[in-house]
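Okay, so the sequence shown: first residue is 2 according to our numbering, each after it adds one.
Here's the structure we're looking at; comments come further down.
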Amino acid sequence: MNVILGVGGGIAAYKAAELARALMERGANVQVVLTAAAGEFIRPLTFAALTNRKVITDLFGTGSAEEVLSSSVEHIRVAQENDVLVVAPATADLLAKFAAGLAPDFLTTLYLAFTGRVILAPAMNTNMWEHAATRENVAKLAARGNVVLPPDEGLLACGTTGAGRLPDPAWIAEAVVTIGERRKDLEGETVVITAGPTQEAIDPVRFISNHSSGKMGYAIAAAAACRGARVVLVSGPVNLDVPYGVELVAVKSAAEMRDAVMRQLPEATIIVKSAAVADYHVANPAAQKLKKTPARMSLELDPTVDILAEVGRNKGDRLLIGFAAETQNLVAEGRRKMETKNADMVVANLVSKEGIGFGSDVNEVTLVLKTGEVIALPRATKRVVADQIFDHALRLRLALHARS
Ligand SMILES: Cc1cc2nc3c(=O)[nH]c(=O)nc-3n(C[C@H](O)[C@H](O)[C@H](O)COP(=O)(O)O)c2cc1C
Numbered sequence: 002m003n004v005i006l007g008v009g010g011g012i013a014a015y016k017a018a019e020l021a022r023a024l025m026e027r028g029a030n031v032q033v034v035l036t037a038a039a040g041e042f043i044r045p046l047t048f049a050a051l052t053n054r055k056v057i058t059d060l061f062g063t064g065s066a067e068e069v070l071s072s073s074v075e076h077i078r079v080a081q082e083n084d085v086l087v088v089a090p091a092t093a094d095l096l097a098k099f100a101a102g103l104a105p106d107f108l109t110t111l112y113l114a115f116t117g118r119v120i121l122a123p124a125m126n127t128n129m130w131e132h133a134a135t136r137e138n139v140a141k142l143a144a145r146g147n148v149v150l151p152p153d154e155g156l157l158a159c160g161t162t163g164a165g166r167l168p169d170p171a172w173i174a175e176a177v178v179t180i181g182e183r184r185k186d187l188e189g190e191t192v193v194i195t196a197g198p199t200q201e202a203i204d205p206v207r208f209i210s211n212h213s214s215g216k217m218g219y220a221i222a223a224a225a226a227c228r229g230a231r232v233v234l235v236s237g238p239v240n241l242d243v244p245y246g247v248e249l250v251a252v253k254s255a256a257e258m259r260d261a262v263m264r265q266l267p268e269a270t271i272i273v274k275s276a277a278v279a280d281y282h283v284a285n286p287a288a289q290k291l292k293k294t295p296a297r298m299s300l301e302l303d304p305t306v307d308i309l310a311e312v313g314r315n316k317g318d319r320l321l322i323g324f325a326a327e328t329q330n331l332v333a334e335g336r337r338k339m340e341t342k343n344a345d346m347v348v349a350n351l352v353s354k355e356g357i358g359f360g361s362d363v364n365e366v367t368l369v370l371k372t373g374e375v376i377a378l379p380r381a382t383k384r385v386v387a388d389q390i391f392d393h394a395l396r397l398r399l400a401l402h403a404r405s
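Set out below in structure tokens:
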């Protein structure tokens, strides 16, 4: 995918360097265009070194008549060669110029000449973001089909707290890839994914939980959205941004997760159960905070409902993918789980292995398929593993249909 990264003159311009890297890590070719104001915040050299490409800063060039002539048509060439234009940070000034169709410099001229997808990531002081002029410009740009990624809320560089912060560059990169991706082989599917741990209350302030970070499930959600699916992510409490284009259903306990999944089941065509659901919950959680005493205390636990098994009993012709976190006998346990839960595929991983699994950005899994195949995927980022899971899932569904 060929991406133009337009950088405006905002305090968040330094984050655009990280965005350039994050886009390249996702396989994009990145052409950076800086406005003159952006050049006050960050040097073109930073981007040139990162992207290994000349950075465009000027509509007219600065040298000879020859250079002026070649650069004067460059905006047309750049517009034609690229699939996506992402502007981050998109300043209030750029939003106004884009909305009005003004073209005083390279980036604004390029915007008018560009016919691909436009993604704007505004970042500014909260008052600027909430100003009626900016609101009108954003509404105009959105109505035109430009994707406006809403800024995050939080502490801003100007010292105030509110909406206006540039989202995490990795999140923006994932959104750009999702919007620009041409492979849409999950279009028309509704993929329901569970992720993260569950929390089982002991009393109003304490709970039993586990080390699941949710990263694998969130990567699966990002991959499915990228490939065109409607994605519903039923997630336990995690500290992750919801991927672009993904609908979040936030839950805490195993019982809440079960109810949310069963509510989504009628519309689902693929269900991926990657959450680390508690096996037990406290039989009688206390209504008030338990007081500390010197005496030993014990908790009575009841088994939680087995969501995978319940979905397996009611799955019809939906594709059901389960996860098995094991410390030994990986394939045998994966196969046992697949058969007893009526799953079509189990993604098994050895959580005891160094450097993978809980909290890590990489994973190394073995796919156990209903066809009898056992496929060991190489160690890779969770996002890459997620795509491979869908590659095999789609192939598996064809094989299962051909059999029946
Ligand atoms: C220190 C400083 C920080 C600024 N930060 C922002 C910002 O975060 N967002 C914004 O919209 N404008 C910001 N501005 C104002 C823009 O730099 C100004 O509107 C400029 O004309 C934008 O040019 P451009 O849109 O062509 O890049 C800031 C200005 C200064 C001096």
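Where a beta carbon is used, it is the ideal one built from N, C-alpha and C, also for glycine.
For clarity, every value in this text was computed on a predicted model and none was experimentally measured.
By DSSP, does Ile221 sit in helix, in strand, or in coil?
Ile221 falls in the helix class under three-state DSSP.
Please confirm if the stretch 281–301 is in contact with the stretch 326–339, defined as three or more CB-CB distances below 8 angstroms between the two stretches.
The answer is no - the stretch 326–339 does not touch the stretch 281–301, with fewer than three Cβ pairs under 8 angstroms.
Which same chain residues end up closer than 8 angstroms to Phe42 when comparing Cβ atoms and leaving out the 5 residues on each side of it in sequence?
Gly10, Gly11, Ile12, Ala14, Tyr15, listed in sequence order.
Pull up the distance between the alpha-carbon of Leu1 and that of Arg44, whole angstroms please.
The requested residue 1 is not part of the displayed model; the chain covers only 2 to 405.
Going by DSSP in three states, Gly313 sits in which element: helix, strand or coil?
It is helical.
Please list, in chain order, all residues of the same chain as Ala21 whose beta carbon is under 8 angstroms from its beta carbon, the five residues on each side excluded.
Taken in chain order, the residues that qualify are Leu6, Val31, Val33, Phe48, Leu51, Thr52.
State the Cα-Cα distance for the pair Ala349 and His132, rounded to the nearest angstrom.
Approximately 51 angstroms between the Cα atoms of the pair.
Compute the Euclidean distance between the alpha carbons of Gly181 and Gly229, then round it to the nearest angstrom.
When rounded, the distance between both Cα atoms is 11 angstroms.
Based on Cα-Cα distance, which residue from Leu320, Ala122, Gln329 lies nearest to Ile194?
For the residues Leu320, Ala122, Gln329, the minimum Cα distance to Ile194 belongs to Leu320.
Got a sec: is the Cβ-Cβ distance from Val312 to anything in chain C below 8 angstroms?
The question asks about chain C, but that chain is absent: this structure has only one protein chain.
Of the residues Ala326, Lys371, Val363, which one's Cα is nearest the Cα of Leu351?
Ranking the options by Cα distance to Leu351, first place goes to Ala326.
Using the DSSP secondary-structure output, state which residues sit across from Gln32 in a beta bridge.
For Gln32, which the question treats as bridged, DSSP gives the partners Ile5.
At a cut-off of 7 angstroms, is Ala39 close to ligand 1 when judged by its beta-carbon and the heavy atoms of the ligand?
At least one heavy atom of ligand 1 is nearer than 7 angstroms to the Cβ of Ala39, so yes.
Taking 8 angstroms as the threshold (C-beta atoms), are Val332 and Val1 in contact?
The chain is shown only over 2 to 405; residue 1 falls outside these bounds and no answer can be derived.
Would you check if the stretch 111–123 and the stretch 76–86 touch, i.e. whether three or more CB-CB distances between them fall below 8 angstroms?
The stretch 76–86 is in contact with the stretch 111–123.
Over the uninterrupted beta strand (DSSP E) stretch that includes Pro123, give me the two end residues.
Note, Pro123: beta strand (DSSP E), 118–123.
My assumption, with CB atoms under 8 angstroms, is that Gly165 sits in contact with Asn126. Please give the rounded CB distance.
Contact holds; Cβ gap of about 6 angstroms.
Let me make sure I understand the geometry here. Which of Ser405, Ala403, Leu395 has the alpha-carbon closest to that of Lys185?
Among Ser405, Ala403, Leu395, the Cα nearest to that of Lys185 belongs to Leu395.
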